[in-house]
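Residue numbers (numbering that gives the first Met the number 0), protein chains in the order written: chain G, 0 to 308; chain U, 0 to 248.
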Amino acid sequence: MSILVLAEHDNNELNPATLNAVAAAAQIGGDIHILVAGSGCGGVADAAAKVAGVSKVLSADSAEYANGIAENMIPLIMSVIDGYSHLLAPATTYGKNILPGVAALKDVAQISDIIRVDDADTFQRPIYAGNALATVKSGEALKVITVRTTSFEAVAAEGGSAAVEAVSATGDAGKTTFGKSELSSSDRPELTSAKIVISGGRGMQDGSNFAMLEKVADKLGAAVGASRAAVDAGFVPNDYQVGQTGKVVAPDLYVAVGISGAIQHLAGMKDSKVIVAINKDEEAPIFQVADYGLVDDLFSAVPQLEGEL
Amino acid sequence: MKILVPVKRVIDYNVKVRVKADQTGVELANVKMAMNPFDEIAVEQAIRLKEAGTATEIVAVSIGPDQSQETIRTALAMGADRGIHVPASHDTEPLAVAKILKALVEKEAPGLVILGKQAIDDDSNQTGQMLSALLGWPQATFASGVEIAGDALNVIREVDGGLEHISSKLPAVITVDLRLNEPRYASLPNIMKAKKKPLDQVSLDDLGVDASQRLTVVKVEEPPAREAGITVASVSELVDKLKNEAKVI
Ligand SMILES: Cc1cc2nc3c(=O)[nH]c(=O)nc-3n(C[C@H](O)[C@H](O)[C@H](O)COP(=O)(O)OP(=O)(O)OC[C@H]3O[C@@H](n4cnc5c(N)ncnc54)[C@H](O)[C@@H]3O)c2cc1C
Ligand SMILES: Nc1ncnc2c1ncn2[C@@H]1O[C@H](COP(=O)(O)O)[C@@H](O)[C@H]1O
Numbered sequence: 000m001s002i003l004v005l006a007e008h009d010n011n012e013l014n015p016a017t018l019n020a021v022a023a024a025a026q027i028g029g030d031i032h033i034l035v036a037g038s039g040c041g042g043v044a045d046a047a048a049k050v051a052g053v054s055k056v057l058s059a060d061s062a063e064y065a066n067g068i069a070e071n072m073i074p075l076i077m078s079v080i081d082g083y084s085h086l087l088a089p090a091t092t093y094g095k096n097i098l099p100g101v102a103a104l105k106d107v108a109q110i111s112d113i114i115r116v117d118d119a120d121t122f123q124r125p126i127y128a129g130n131a132l133a134t135v136k137s138g139e140a141l142k143v144i145t146v147r148t149t150s151f152e153a154v155a156a157e158g159g160s161a162a163v164e165a166v167s168a169t170g171d172a173g174k175t176t177f178g179k180s181e182l183s184s185s186d187r188p189e190l191t192s193a194k195i196v197i198s199g200g201r202g203m204q205d206g207s208n209f210a211m212l213e214k215v216a217d218k219l220g221a222a223v224g225a226s227r228a229a230v231d232a233g234f235v236p237n238d239y240q241v242g243q244t245g246k247v248v249a250p251d252l253y254v255a256v257g258i259s260g261a262i263q264h265l266a267g268m269k270d271s272k273v274i275v276a277i278n279k280d281e282e283a284p285i286f287q288v289a290d291y292g293l294v295d296d297l298f299s300a301v302p303q304l305e306g307e308l
Numbered sequence: 000m001k002i003l004v005p006v007k008r009v010i011d012y013n014v015k016v017r018v019k020a021d022q023t024g025v026e027l028a029n030v031k032m033a034m035n036p037f038d039e040i041a042v043e044q045a046i047r048l049k050e051a052g053t054a055t056e057i058v059a060v061s062i063g064p065d066q067s068q069e070t071i072r073t074a075l076a077m078g079a080d081r082g083i084h085v086p087a088s089h090d091t092e093p094l095a096v097a098k099i100l101k102a103l104v105e106k107e108a109p110g111l112v113i114l115g116k117q118a119i120d121d122d123s124n125q126t127g128q129m130l131s132a133l134l135g136w137p138q139a140t141f142a143s144g145v146e147i148a149g150d151a152l153n154v155i156r157e158v159d160g161g162l163e164h165i166s167s168k169l170p171a172v173i174t175v176d177l178r179l180n181e182p183r184y185a186s187l188p189n190i191m192k193a194k195k196k197p198l199d200q201v202s203l204d205d206l207g208v209d210a211s212q213r214l215t216v217v218k219v220e221e222p223p224a225r226e227a228g229i230t231v232a233s234v235s236e237l238v239d240k241l242k243n244e245a246k247v248i
């Protein structure tokens, strides 16, 4: 069996989500190869070659892969996929965008967002916002899989010494051109890999009030997240959203502030080790999943919390 | 230009889903069903494009049991012009849905297919991407902004790091994200009018698509429940517990 893992990166650095996908590949078992497709991404290929457990890196370095345009990535993956039993990518917006097209062209079903590997054909995945867990078995010749990163502990970024093999570029499909990206920049840890996350909801009332959470976050080395309601209201950008249709997080500590705890929000954080809820409504459903609940007005509780840390 | 909008009938997002005792799936009997919320956003976008004079006709498509026609009627009440129902099992997989949609695209020749980014029942997030690959059309997924000028399509996408701007040419496939628009409610007169709008049935045989299941569902179970927590009386107590009991700070 050999498994191809699609690397996620920005042409400079390997995105750590790739290491979680490799961890799932290691549980499936077999030869693990990583495909690095980008432009000027030699450093990423070298980094991928050092990942523990990886035996080969396929590197496609060409302008048409610079921005992960799916219509360019799919023909490339199709050109190298023969002989592999599994194709994996992290279940990030990057992996979700690219993998289904490969599955369709190979005429195989895709298994999205796996949280457990039972054997090489059988996987568990959440459905209905995590209200149910489905174990599914695939008889397909190629298993195309996206991996929920929080469910697989990252393999070591160092320790491997895989060979890097260049693969031919497949050209620009000429379907989509990349304009620009507007990426949020922050000195805080990345939301999905942070050890501590503090999230605000509609109860924050205003974007400027998120400064209160940021102060706490800075003391704790935490990332800041949000509910959909807070994003929809424009308090914070879309990349803050935690939930069924946003990001999934599972930190050691998750602090929900002014968040009611709708099922769609819980879907993105209920696997956190310790959950704290601060909400003035004692009936709020968030308290049903919280290890520590504080019924209080956030506008007094959060500054006090910052003071006591 | 014609726009095809696939709309899925799913358990209403407010319903607390229950797993069946025999672990074969979730309880669907006597449960409130509704249009997948992302598909409402897709229908709304199509209507806005029609209102702006960009689109001329909106065709809502649903694949599923007979009750899927109710979902199509909802789309018609919002403002779609006509509906197509493809009778199939409620758990038709994304690959089969994409093949059915491809066959319909070949029949209907739309300039644009607008789907939801994700169905909130199977949470697959696959169908639009699969359809675009099968058609060889550009794909603009997770759209939070859509602008069409002639055959130029400019889309803003929500990605993990923020936003991305891309450009394509029609015909294309779009999948929509939450922030694209706020779907309208159907008014009573429009709900009445929708009853008279055309709704055709097309069979899998007519389309020549094999929709049989590829994946076997071995088991569907409840997620592990979290243990009940405690209420703390003050911020000081909270900080103390986090430091000395949970040891997470
Ligand atoms: C298709 C779909 C997808 C969705 N995806 C997501 C998703 O990915 N993530 C997500 O989060 N949601 C998602 N939602 C939305 C979800 O259903 C809820 O609407 C949302 O999570 C509510 O956000 P909230 O808790 O911030 O707001 P609310 O439910 O309005 O809760 C605000 C809370 O703040 C408390 N509060 C107010 N003022 C104060 C104060 N001064 N001090 C303390 N507490 C206060 C209130 O008591 C209340 O509990 C989705 C919905 C749909 C339909
Ligand atoms: N049975 C169906 N009928 C109509 N549209 C569907 C169906 N299944 C999926 N779709 C469309 O595909 C989108 C993504 O679904 P999924 O890939 O299952 O998450 C949905 O938002 C719908 O627009």
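A virtual CB, placed ideally from N, CA and C, is assigned to each residue, including glycine. Model, not experiment: these values are computed from the prediction.
{"Check": "Residue 27/U: which of 79/G, 17/G, 127/G and 92/G sits nearest, CA to CA?", "Outcome": "127/G"}
{"Check": "So within the segment 76 to 124 of chain G, which uninterrupted beta strand (DSSP E) runs reach at least 3 residues, ignoring any that extend past its ends?", "Outcome": "85 to 89, 109 to 113 and 115 to 118"}
{"Check": "Does residue 26/U come within less than 7 Å of chain G when only Cβ atoms are used?", "Outcome": "no"}
{"Check": "Where are the alpha helix (DSSP H) runs, 4 residues long or more, that stay fully inside the segment 117 to 186 of chain U, in chain order?", "Outcome": "126 to 134"}
{"Check": "How long is the line joining the alpha carbons of residue 55/G and residue 215/U, rounded to whole angstroms?", "Outcome": "32 Å"}
{"Check": "Tell me, to the nearest whole angstrom, how far the beta carbon of residue 46/G is from that of residue 58/G; I am working on the premise that it is less than 8 Å.", "Outcome": "Actually they do not touch by this definition, with Cβ atoms about 11 Å apart."}
{"Check": "Let me check you understand the geometry: is the CB of residue 45/U closer than 6 Å to at least one non-hydrogen atom of ligand 2?", "Outcome": "no"}
{"Check": "Determine the chain G residues that contact residue 240/U at a beta-carbon separation under 7 Å, and present them in chain order.", "Outcome": "291"}
{"Check": "Nearer than 6 Å: is that true of the beta carbon of residue 258/G relative to any heavy atom of ligand 1?", "Outcome": "yes"}
{"Check": "Which bits of chain U does residue 236/G rub up against, with CB to CB less than 7 Å?", "Outcome": "161"}
{"Check": "Could you tell me whether the segment 175 to 184 of chain G touches the segment 24 to 38 of chain G, using the rule of 3 or more Cβ pairs below 8 Å?", "Outcome": "no"}
{"Check": "At what residues does the beta strand (DSSP E) containing residue 230/U begin and finish?", "Outcome": "229 to 231"}
{"Check": "Hey, is residue 167/U's beta-carbon within less than 7 Å of any beta-carbon in chain G?", "Outcome": "yes"}
{"Check": "Taking 6 Å as the cut-off, is the beta-carbon of residue 36/U closer than that to any non-hydrogen atom of ligand 1?", "Outcome": "yes"}
{"Check": "By DSSP's criteria, residue 8/G is part of a beta bridge. Which residues make up the other side?", "Outcome": "13/G"}
{"Check": "Name, please, each residue of chain U whose Cβ falls closer than 9 Å to the Cβ of residue 130/G.", "Outcome": "15, 16, 17, 18, 25, 221 and 222"}
{"Check": "Please report the Cβ distance between residue 195/G and residue 220/G, rounded to the nearest whole angstrom; I am assuming they are in contact, meaning their Cβ atoms lie under 8 Å.", "Outcome": "7 Å"}
{"Check": "Given residue 268/G, which residues of its chain have a CB within under 6 Å of its CB, disregarding the five upstream and five downstream residues?", "Outcome": "241, 248 and 253"}
{"Check": "Express the C-alpha separation of residue 83/G and residue 60/G in angstroms, rounding to a whole number.", "Outcome": "21 Å"}
{"Check": "Mind listing the chain G neighbours of residue 235/U? Cutoff is C-beta to C-beta under 9 Å, in chain order.", "Outcome": "303 and 307"}
{"Check": "Using 7 Å as the limit for Cβ to Cβ distance, is residue 105/U near chain G?", "Outcome": "no"}
{"Check": "What do you reckon, is the C-beta of residue 115/U under 6 Å from a heavy atom of ligand 2?", "Outcome": "yes"}
{"Check": "Compute the distance between the beta-carbons of residue 143/G and residue 107/G, then report whether it is under 7 Å.", "Outcome": "yes"}
{"Check": "I'd like to know if residue 103/G contacts chain U, where contact means its C-beta is closer than 7 Å to some C-beta of that chain.", "Outcome": "yes"}
{"Check": "Excluding sequence positions up to five away, which residues of its chain have a Cβ less than 8 Å from the Cβ of residue 82/U?", "Outcome": "58, 59, 60, 61, 68, 71, 72, 74, 75, 196, 197, 198 and 199"}
{"Check": "From which residue to which residue does the alpha helix (DSSP H) around residue 260/U run?", "Outcome": "Examination of residue 260/U is not possible in this model, given that chain U is present from 0 through 248 alone."}
{"Check": "Which same chain residues, not among the five before or five after residue 193/G, have their C-beta less than 7 Å away from its C-beta?", "Outcome": "221, 222 and 250"}
{"Check": "Which same chain residues, not among the five before or five after residue 161/G, have their C-beta less than 6 Å away from its C-beta?", "Outcome": "48, 53, 54, 55 and 56"}
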